[in-house]
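Written below as structure tokens is the structure these notes are about.
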Amino acid sequence: MREAEQYDVIIIGSGMGGLTVASILTQLKGKRVLLLEQHYVAGGFTHTFKREKGYKWDVGIHYVGDLEEGHVFRRLFEFVTQGGVRWKKMPYIFDKFVFPDFTFEAPSDKNAFQQKVKDMFPEEAKAIDQYFVDVERADNWYRKHIIYKHLPKALKAFAKPSSKAEKLATTATKDYLDAHIKSQKLKGLLCSQWGNYGAVPGQSSFANHAMVVRHFYNGGYYPVGSSKTILDAIQPIIESTGGKIKINHRVDQVLIEDGKAVGVQGHQKKGKDLIPFEYRAPIIVSCAGAYNTYCKLLPNHIAPELSQDLEKHPDGLTHLCLYIGFKESPEKLGFKGENHWIFDEYDHDYMFADLDAVAEDRMKMAFLSFPSLKDPEAKAHTGEIITFISYEIFEKWKNERWKKRGEDYDDFKAMLSERMLEFIEQKYPGFKDLVDFMELSTPLTTEHFTMHKKGYIYGMHTTPDRLLKPWNHVRTPVKNLYLTGTDAAVLGVAGAFTGGVFTSIDIMGGSKSLLSYMALENASKKYSKQLKANGISTVIE
Ligand SMILES: Cc1cc2nc3c(=O)[nH]c(=O)nc-3n(C[C@H](O)[C@H](O)[C@H](O)COP(=O)(O)OP(=O)(O)OC[C@H]3O[C@@H](n4cnc5c(N)ncnc54)[C@H](O)[C@@H]3O)c2cc1C
């Protein structure tokens, strides 16, 4: 008989990556997994929160792509969640790119998208066709690169991705566009979704840009019943072998003995008390992000090159999110569930350089989204306005407690909220009249709830060289310690999930990781057939 608190695997953090690892290792290897989460709600950026009158919001999912029939991401996701998450396809026009003199309505069809752009800019038709070819080349390189770097040494020689494609993929998005496209307006349009990959064209790699553009070639999908259904689907799988998710459990350090990771120590928050804990297991996985793992959870001498590099890495994206409850449906103003990317200029780098513009009353960009219009099960109407801002502007309040940061902080937030609302009101008159409830999150909120440095949205900044960094890997220099989630792979929910898949394969397979990959492929294909045979579809078109 095993003792109740004896585990095979300990996972630090219950984000998409950690949940994925827990599910795969439980299902394929019968492992008993302990997930330790410092927040009082599990799920990381896939958790939701509620307020009065049934208002409910997701903190980190507005839409996910690549969920069409036959896509490998859909198949693997169905397996990991055992079909427990249903997705609603967004309207055919799933994104609107709103500029002062035109609005581009993005269709859920790559060819229609490409044609629409060419119709608008016929003089650049050749460059536009080349751009779409290059998006696929850069994205293909990225996929191959991730597989390549996780292959056992013996197989690497046969699978090296092309260096020409690497040059394209690691070029800055802005450099690519400047070299191929003349119109500033067209460049602005093509980069409208930069907020999805966390870095403006001058700071991002073309591969990151390409990955996001291609991810949404067939439009976007939203989890029916909100993103919380991801945790709801995976938790019973973890518990089926005696595994557990423990909330309010913050890990303070990974225990190393004889050069191997053997456990974790931390403290549990129980009311006002902090109760120390220690758990031991043969495998430790961190979903707490590369920075936290190497710079906070491991002693300094363990991986000094990695922690020094992470300390020097440029800051990631930080944001404000205004969560709104509406008196009546925003459909009244013509919204149908699409997202709106709103910009007052075409040059994203120029706008971003004025990062604290909203605090100075010259806000120039926002993302507007309506979870309740995407979710057929929503009980009350909700919206979100996001804009970007520096962490530093909030730094003076960083040591204050959540909800008790003082009147000056509350006043500052109220002023920012009003400006964000007014910005949207200018674009869509009548918007303010619909608002019943609002609450603003700042980078301090995100830092508090996720422990990501400065409240970064997407983990370590997606600079062109991030793809090639040694810490952007599931394996760590410490035996039996693995990284997962966004920083181990790619950003976004699908990216963190990919991190989870690669971490699981590495843990299961070691040098025989191809066999583990095949085991996952076979199990997910079998499960997919079962769903089909039972006439079940996880996607509502
Ligand atoms: C506003 C916003 C909008 C977004 N929109 C989208 C979108 O529309 N589509 C999309 O695909 N992606 C979106 N994302 C990104 C996406 O949500 C994330 O990239 C992804 O969910 C990150 O998953 P992860 O596995 O890396 O871990 P995270 O979700 O970052 O979870 C890490 C967890 O570890 C916990 N933790 C950290 N340190 C410790 C510790 N020491 N002890 C215990 N626990 C710890 C944290 O509390 C957290 O729960 C958005 C993100 C944000 C912030």
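Position one of the sequence shown corresponds to residue -1 (my numbering), numbered consecutively onward.
Every residue gets a Cβ at the ideal spot worked out from N, C-alpha and C, and that includes glycine.
Enumerate in chain order the residues of its own chain whose CB-to-CB distance from residue i is below 6 Å, with the five nearest sequence positions on each side excluded.
i, result
"residue 14", "44, 491, 494, 495"
"residue 407", "395"
"residue 301", "292, 475"
"residue 444", "453"
"residue 350", "198"
Can you give me the C-alpha to C-alpha distance between residue i and residue j, rounded to a whole angstrom?
i, j, result
"residue 223", "residue 199", "34 Å"
"residue 436", "residue 66", "34 Å"
"residue 345", "residue 478", "46 Å"
"residue 486", "residue 470", "5 Å"
"residue 140", "residue 33", "30 Å"
"residue 208", "residue 314", "19 Å"
"residue 68", "residue 121", "36 Å"
"residue 322", "residue 146", "44 Å"
"residue 78", "residue 518", "10 Å"
"residue 113", "residue 171", "21 Å"
"residue 86", "residue 415", "30 Å"
"residue 28", "residue 256", "27 Å"
"residue 38", "residue 398", "19 Å"
"residue 432", "residue 49", "17 Å"
"residue 441", "residue 271", "26 Å"
"residue 193", "residue 46", "20 Å"
Take residue i as the anchor and find which of the options has the nearest alpha-carbon.
i, options, result
"residue 453", "423, 411, 290", "290"
"residue 182", "379, 348, 409, 381", "348"
"residue 335", "510, 312, 373", "373"
"residue 267", "232, 539, 250", "250"
"residue 173", "202, 221, 439", "202"
"residue 438", "110, 317, 429", "317"
"residue 110", "24, 6, 264, 215", "215"
"residue 480", "128, 107, 260", "260"
"residue 238", "332, 148, 26", "26"
"residue 309", "287, 341, 330", "287"
"residue 21", "459, 87, 503, 511", "503"
"residue 225", "370, 468, 390", "370"
"residue 458", "381, 206, 380", "206"
"residue 418", "356, 451, 387, 55", "356"
"residue 35", "150, 378, 391, 265", "265"
"residue 56", "433, 362, 388, 319", "319"
"residue 88", "82, 102, 107", "107"
"residue 386", "6, 353, 54", "353"
Should residue i be listed as close to ligand 1, given that the test is whether its C-beta is under 7 Å from any heavy atom?
i, result
"residue 290", "yes"
"residue 473", "no"
"residue 534", "no"
"residue 286", "yes"
"residue 189", "no"
"residue 36", "yes"
"residue 502", "no"
"residue 363", "no"
"residue 348", "no"
"residue 319", "yes"
"residue 247", "yes"
"residue 388", "no"
"residue 418", "no"
"residue 457", "yes"
"residue 489", "yes"
Whose C-beta lies closer than 8 Å to the C-beta of residue i among residues of the same chain, with five residues either side of it excluded?
i, result
"residue 72", "64, 65, 66, 536, 537"
"residue 130", "108, 112"
Go ahead and pull the three-state DSSP assignment for residue i.
i, result
"residue 506", "helix"
"residue 215", "coil"
"residue 202", "coil"
"residue 401", "coil"
"residue 311", "coil"
"residue 164", "helix"
"residue 365", "strand"
"residue 209", "helix"
"residue 192", "helix"
"residue 267", "strand"
"residue 512", "helix"
"residue 251", "strand"
Keeping to the same chain, check which residues put their C-beta closer than 7 Å to that of residue i; ignore five residues upstream and five downstream.
i, result
"residue 422", "364, 366, 383, 429"
"residue 540", "Any answer about residue 540 is impossible in this case: the structure gives the chain only from -1 up to 539."
"residue 158", "146"
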